[in-house]
Ligand SMILES: NC(=O)c1ccc[n+]([C@@H]2O[C@H](COP(=O)([O-])OP(=O)(O)OC[C@H]3O[C@@H](n4cnc5c(N)ncnc54)[C@H](OP(=O)(O)O)[C@@H]3O)[C@@H](O)[C@H]2O)c1
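In our numbering, the protein residues as written are 1 to 294.
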């Protein structure tokens, strides 16, 4: 008699495709039109200074554009200098205020200098979006993961958020107010086979968010996170290609049956950063399109 073993070597679609760890391209499954029709007051963030880590592409870029479109001065980083300069120039060309400064969130000195450069330029930080992140490089089980991959992903995703808050918070404490939004993931809320480095790093982001939220709530600083599922960004496209899955397959894992647009996630970030969420503290907001509802 043969017993069918669980197929743990072949990552399930569900395991691969969400959590920012996967996918390919199918524009029909993306909701650009719906996202673009959302109307918000154009000056909701007028006069606000918004610092964003990892805004050279994807969710961070969409978030930078969205804040700038509603009146904020955006100060953002990433490692790809030419791309960062292009994103900033295109925001300015559209009438927004944006500055790119190269910084690697794995390096404490660079994070400190990035935060201080924002304060030098704008005098303060009202909102910080700690978004920079990378995916798990390989879809394998825990015993096949390498310490190098674990450390690389943790250093960017978890230590990067820690370092950003370490230097942002003192500047917010000086003014007795601020909002911090950390990009976690659906992978921070559930176990996800084959992506241990990413999954564990995002649990750390959710944990850091709760700890910081408790520590600074009485000082007027609100700290929250959001949990996207499958979002149409370069990360998801890379992952889909690497794991040989399509957007159509990924979409089936989500109640909304589609891939979410980066612009929709930007709206969630803006909600958590705005006074509309003044009673929300230490939360990891489900922005998956229903995955965590089940
Ligand atoms: N797409 C999804 O389905 C999904 C789902 C859940 C969560 N997320 C999370 O959303 C966040 C944004 O990802 P994305 O999907 O928008 O992917 P993306 O397009 O690859 O964007 C990642 C951003 O992070 C920056 N970054 C990476 N490593 C960095 C470092 N060491 N220092 C500074 N910046 C760094 C990248 O800039 P440079 O390359 O220029 O450094 C880029 O701007 C990540 O935290 C990701 O885990 C994504």
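Where a beta carbon is used, it is the ideal one built from N, C-alpha and C, also for glycine.
All values derive from a computational prediction rather than experimental measurement.
In this structure, residue 226 places its C-beta atom within 8 Å of the C-beta atom of residue 184.
By the Cβ rule, the region 245-259 does not count as touching the region 201-210, because fewer than three pairs are nearer than 8 Å. For residue 99, the secondary structure class from DSSP, reduced to helix, strand or coil, is strand. Judged by DSSP in its simplified three-state form, residue 243 adopts helix. The distance from the Cβ of residue 53 to that of residue 164 is about 6 Å, consistent with a contact at the 8 Å cut-off.
When beta bridges are read from the DSSP output, residue 53 appears opposite 130.
The region 93-104 makes contact with the region 75-85; the number of CB pairs closer than 8 Å reaches 3 or more. When the alpha-carbon of residue 221 is set against those of 232, 211, 176, the nearest one is in 176. Selection 196, 242, 268, 214 evaluated against residue 228 yields 268 as nearest (Cα-Cα).
By the Cβ neighbour-count rule, residue 257 is exposed, with fewer than 16 other Cβ atoms within 10 Å of its own.
A Cβ-Cβ separation of about 11 Å leaves residue 59 out of contact with residue 181 under the 8 Å criterion.
Annotation: residue 220 is outside any beta strand (DSSP E) and is labelled neither H nor E by DSSP. Residue 282 and residue 122 have their alpha carbons spaced roughly 27 Å apart.
By alpha-carbon distance to residue 62, the top candidate from 143, 234, 161 is 234. In the DSSP annotation of this structure, residue 280 is not part of any alpha helix (DSSP H), being labelled neither H nor E.
Collapsing the DSSP output to three states places residue 45 in coil. At a threshold of 7 Å, residue 113 does not count as near ligand 1, since its beta carbon sits no closer than that to any of the ligand's heavy atoms.
In this structure, residue 292 sits away from residue 135, with a CB-CB distance that is not shorter than 8 Å. Within the region 148-217, the alpha helix (DSSP H) runs of at least 4 residues that lie entirely inside it are, in chain order, 160-175, 196-216.
The bridge partners DSSP lists for residue 285 are 226. In this structure, residue 146 and residue 105 do not form a Cβ contact; the two beta carbons are roughly 21 Å apart against a cut-off of 8 Å.
Between ligand 1 and the CB of residue 85, the shortest heavy atom gap is not smaller than 7 Å.
Cβ-Cβ separation between residue 115 and residue 151: approximately 24 Å, too far for a contact (criterion under 8 Å).
Between ligand 1 and residue 91, a heavy atom-to-CB distance of less than 7 Å is absent.
As the crow flies, the alpha-carbon of residue 213 is around 17 Å from that of residue 286. Residue burial annotation: residue 278 is exposed, with fewer than 16 other C-beta atoms found within 10 angstroms of its C-beta.
Using a 10 angstroms sphere on the CB of residue 178, the tally of other CB atoms reaches 16 or more, which defines it as buried. Of 170, 187, 199, the smallest CA-CA separation from residue 215 is found for 170. When distances are taken from the beta-carbon of residue 235 to the heavy atoms of ligand 1, the shortest one is below 7 Å.
In its chain, beyond the 5 residues on either side, no residue has a beta carbon closer than 6 Å to the beta carbon of residue 138.
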